[in-house]
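The next block holds one structure in the form of structure tokens; read it before the comments.
In the working numbering, the protein residues as written are 54 to 235.
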């Protein structure tokens with residue numbers, strides 16, 4: 054038998070918590086993100102590191118060998134599996150910090166569902182709706198007392214993404230891969 058908790062209805066309005074979270078999160082200099090993306094068929098785990106204002110590193114694990122990317126300003130270093138690094142120049146730099154929910158504003162019907170701990174850190178759970186064209190997306194964020202997102206879920210048709218954020222403003226140095234010329 055499955056059991057689950059139903060929040061008190063109506064759930065409290067969550068716009069103020071989202072505004073606090075946005076202000077605090079967009080002041081970060083560094084952070085890390087572990088992500089699991091599911092489509093219903095495939096599972097793709099990824100690990101990211103971010104360094105403001107324009108650096109990120111990603112490692113995507115796939116059965117085909119995965120990939121790595123280091124992106125610094127307008128230069129991207131890409132490697133598939135154990136292959137050689139490729140250097141690509143041009144294009145806009147990454148904006149750091151930025152988060153997946155930034156691209157689906159306005160946030161619609163933000164609600165606080167309750168409180169829970171994420172890895173021992175007290176959080177409030179806020180949920181809201183966003184759109185990408187005609188595609189609806191649902192977000193659930195676990196926000197700590199400092200306004201930082203510790204865990205996030207994004208749900209859309211055929212797209213199930215679970216994120217864990219950590220190492221906020223900790224020393225992270227993202228540089229070109231060793232031995233690779235820009």
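Backbone N, C-alpha and C define an ideal beta-carbon position, used for all residues, glycine too.
Item: So the alpha helix (DSSP H) residue 206 belongs to, where does it begin and stop?; Value: Segment 202-209 is the beta strand (DSSP E) holding residue 206; no alpha helix (DSSP H) there.
Item: Quick one, which of 211, 204, 117 has its alpha-carbon nearest residue 86's?; Value: 204
Item: Could you pull out every residue in the same chain whose Cβ sits closer than 6 angstroms to the Cβ of residue 120, ignoring the five residues on either side in sequence?; Value: 113, 133
Item: Please classify residue 214: does DSSP put it in a helix, a strand, or coil?; Value: strand
Item: Just to confirm my understanding: we take residue 147, look at its own chain, exclude 5 residues before and 5 after, and list those with CB closer than 6 angstroms. What are they?; Value: 107, 109, 124
Item: Evaluate residue 88 with the Cβ neighbour count: other Cβ atoms within 10 Å of its Cβ, from every protein chain shown; 16 or more gives buried, anything less gives exposed.; Value: buried
Item: Just mark residue 55 as buried or exposed, buried being the case when its beta carbon has 16 or more other beta carbons within 10 Å.; Value: exposed
Item: Give the straight-line distance between the Cα atoms of residue 164 and residue 177, rounded to the nearest whole angstrom.; Value: 10 angstroms
Item: Would you call the stretch 59-76 and the stretch 210-226 in contact, with 3 or more CB pairs under 8 angstroms?; Value: no
Item: Using 9 angstroms as the threshold, is the C-beta distance between residue 221 and residue 83 below it?; Value: yes
Item: Measure the CB-CB distance between residue 185 and residue 156 and report whether it falls below 9 angstroms.; Value: yes
Item: Jot down the residue ranges of each uninterrupted alpha helix (DSSP H) in the stretch 62-150, minimum 4 residues, whole runs only, in chain order.; Value: 68-78
Item: Take the Cβ of residue 78 as the centre, count every other Cβ of all protein chains shown within 10 Å, and call the residue buried at 16 or more, exposed below.; Value: buried
Item: Given this structure, state the Cα-to-Cα distance separating residue 198 from residue 90, to the nearest angstrom.; Value: 27 angstroms
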